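This note's numbering puts the first residue of the sequence shown at 344, with every later residue one more than the last.
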Amino acid sequence: MSISTPGGDQRRPSVVSTGKKPAAGRPASGGKTAGAKAAGGKTGAARPGGKGPRKPITPVKVSQGRSWGPIALFVAVGVLAAAIIGYGGWAAFNGAKPWDERAAAIEGISNFRESDPDLVKGGNHQTGAIQYTVNPPVAGPHNAAWQNCQGDVYDAPIASEHAVHSLEHGAIWITYRPDLPADQVKKLAERVRGQEKTMLSPFQGLDKPISLQAWGYQLKVDNADDSRIDEFIKTLRINASVEGPNANCGQGITATGTAPRDLGDPMTQG
């Protein structure tokens, strides 16, 4: 049985062989073949100029920076915690020191217990006016009646003879020049008012605007914002007493004036 080929216009064109083999890797005809597909079944895009399929582009990994916000916060919290712990340790260490060592560490303090031991013996009651070698006085002979020192703020000078007796009982006596600005006086009064075993009064002839006294100790400063004032009060109030912590600071002289009032004087409680 023979197969006839279509004739006329329906006859297939014959392919003329050139005798050349197709180049390796290229299809024998101008059509695309499966070999033109890239691995994975994707067809490579042609490069400009007909140079064959374009190599696939390897994705570039973009390095993301560190998140510095949480790190900075963590570091800050760590530093703060270390500072708090360090300060707590320092405060505990210093708080464990004897009060006289803490007093000696206050910059500018004068310690008459070391420089004049006879001055601070205590218990030496005298009547009348007394001449003091240190002004305001910090110790020495004094009147038998003490100045009331239950957080009293006096707006006029008081008798040193009564004030020194208060120091013997563990009081802190803060004095200031009468011309000290009102806002400075107010800051001093805020430290005293309502504070047991403290008192405040103006004092004539100070060589510094403010002078603080405890039994055997003195500190002079230029203004009421000086942090040493608080350290002086904290360290020496009650501790500096030579009659014990229970020595009375109430029921004393409440009157102002520089003349001492002897026992038996009707103005003693006045």
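Every residue, glycine too, gets a C-beta built ideally from N, C-alpha and C.
Note that the coordinates shown come from a computational prediction; the quantities given were computed from them, not determined experimentally.
- Residue pairing from DSSP places Asp-495 in a beta bridge opposite Met-542.
- Around the beta carbon of Trp-411, fewer than 16 other beta carbons lie within 10 angstroms, which makes this residue exposed.
- Closest by C-alpha distance to Pro-524, out of Tyr-475, Pro-552, Val-507 and Lys-440, is Pro-552.
- In this structure Leu-579 touches Ile-515 by the C-beta definition: roughly 6 Å separates them, less than 8 Å.
- Selection Val-496, Asp-498 and Cys-492 evaluated against His-505 yields Cys-492 as nearest (Cα-Cα).
- Annotated three-state conformation of Val-477 is coil, per DSSP.
- Nearest Cα to Leu-531 within the set His-512, Tyr-497, Gly-595 and Tyr-560: Tyr-497.
- Using a Cβ distance threshold of 7 Å, Glu-511 and Gly-483 do not count as a contacting pair.
- Ranked by how close their Cα comes to the Cα of Asp-569, the residues Ile-449, Arg-445, Glu-444 and Phe-417 have Ile-449 in first place.
- Around the beta carbon of Phe-455, a 10 Å sphere encloses 16 or more other beta carbons of the protein chains shown; the residue is thus reported as buried.
- In the three-state DSSP reduction, Thr-470 falls in the coil class, being neither helix nor strand.
- Taking C-beta separations shorter than 8 Å and ignoring five residues to either side along the sequence, the partners of Asn-591 in its chain run Trp-489 and His-512, following chain order.
- C-alpha of Ile-428 to C-alpha of Phe-417: approximately 16 Å in a straight line.
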